[in-house]
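Asks: Here it is, the structure, as structure tokens.
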Amino acid sequence: MTDMRMRANTTDNFPGRTYRFYSGKSLYEFGHGLSYSQFSKFIISAPTTVVIPLLPHNIFTSNNSQAIDLSTVKCENLKIDVVIGVRNSGPTGGSHSVLVFWKPPRSGGGVSGTAPNLQLVGFERVYVMRGKTQNVSVGVDVCRGLSLVDSEGKRKLVVGQQHTLIVGSASERQIKRHLTLRLDQSITKAESITNTITSRQTI
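1 is the number of the first residue of the sequence shown in full-length UniProt numbering; add one for each residue after it.
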């Protein structure tokens, strides 16, 4: 195979590859599986806003509606947790894989054109007894999981736009939760004031 393209291309009717970019009809959706029992899921807690801290030497005043380079973000320990309840209403106990996907914003910073349709950002396997409900926490690395790659190969985070977390594969009932990434305004405002004072002192 010499054609290594992943993204769909309408000019030559290329449908793309893998669940991330394929635009055609799937015979089996990514994450499809069979079980001896019946499971349902619900979101217990998930953030609606994630504050993005910038590295000190990259702080700048922002309108919170753009794609920022990942190299300017303080990514260490920048994670979120999605707590999900898994209910077993089937005839027997069993294990169930909980998948969490991310759907990128439709627009933002010129990187939406290279965005995948969907991306798996976390999963956990949990055993649930018959008739019981078990809670499971799925961690999502913000910088790794919620970033896009632009045409130059640089990773970026889109702030100020609506991101979507989706629990479950397309072959089962999915649950969605919207969230927004926002820059740490306390830092950007402080830096803006510092810059203003410095500029006045040099006049």
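Using N, Cα and C, we set each Cβ at its ideal position, and we do this for glycine too.
1. DSSP on S71, reduced to helix/strand/coil?
2. If we ignore side chains and look at the alpha-carbon of each, how far apart do R173 and C143 end up?
3. Does I68 get closer than 9 Å to chain D when you measure Cβ to Cβ?
4. Between which two residues does the alpha helix (DSSP H) carrying G145 extend?
5. Just to confirm the assignment, what range does the beta strand (DSSP E) spanning L55 have?
6. Would you kindly work out how many angstroms separate the C-alpha atoms of F39 and T49, rounded to a whole number?
7. Bridge partners for R155 per DSSP, in chain order?
8. What residue range does the beta strand (DSSP E) around H96 cover?
9. With DSSP as the reference, label D20 as helix, strand or coil.
10. Would you give the residue range spanned by the beta strand (DSSP E) that E76 belongs to?
11. So V140 and G122 are supposed to be a Cβ contact under 8 Å. How far apart are they, rounded?
12. Pick out whichever of H178, H32 and L157 has its Cα sitting closest to the Cα of T164.
Replies: Reading it off the structure:
1. helix
2. Taking the straight line joining both Cα atoms gives about 27 Å.
3. Although the question refers to chain D, the structure presented lacks it and comprises just one protein chain.
4. V142 to G145
5. Premise fails: L55 is in no beta strand (DSSP E) and is neither H nor E.
6. 29 Å
7. V149
8. G94 to K103
9. Looking at the sequence shown, residue 20 is not Asp but Arg. In the structure shown, R20 sits in a helix (DSSP, three-state: H, G or I).
10. Careful: E76 lies outside any beta strand (DSSP E) and carries neither H nor E.
11. 5 Å
12. H178
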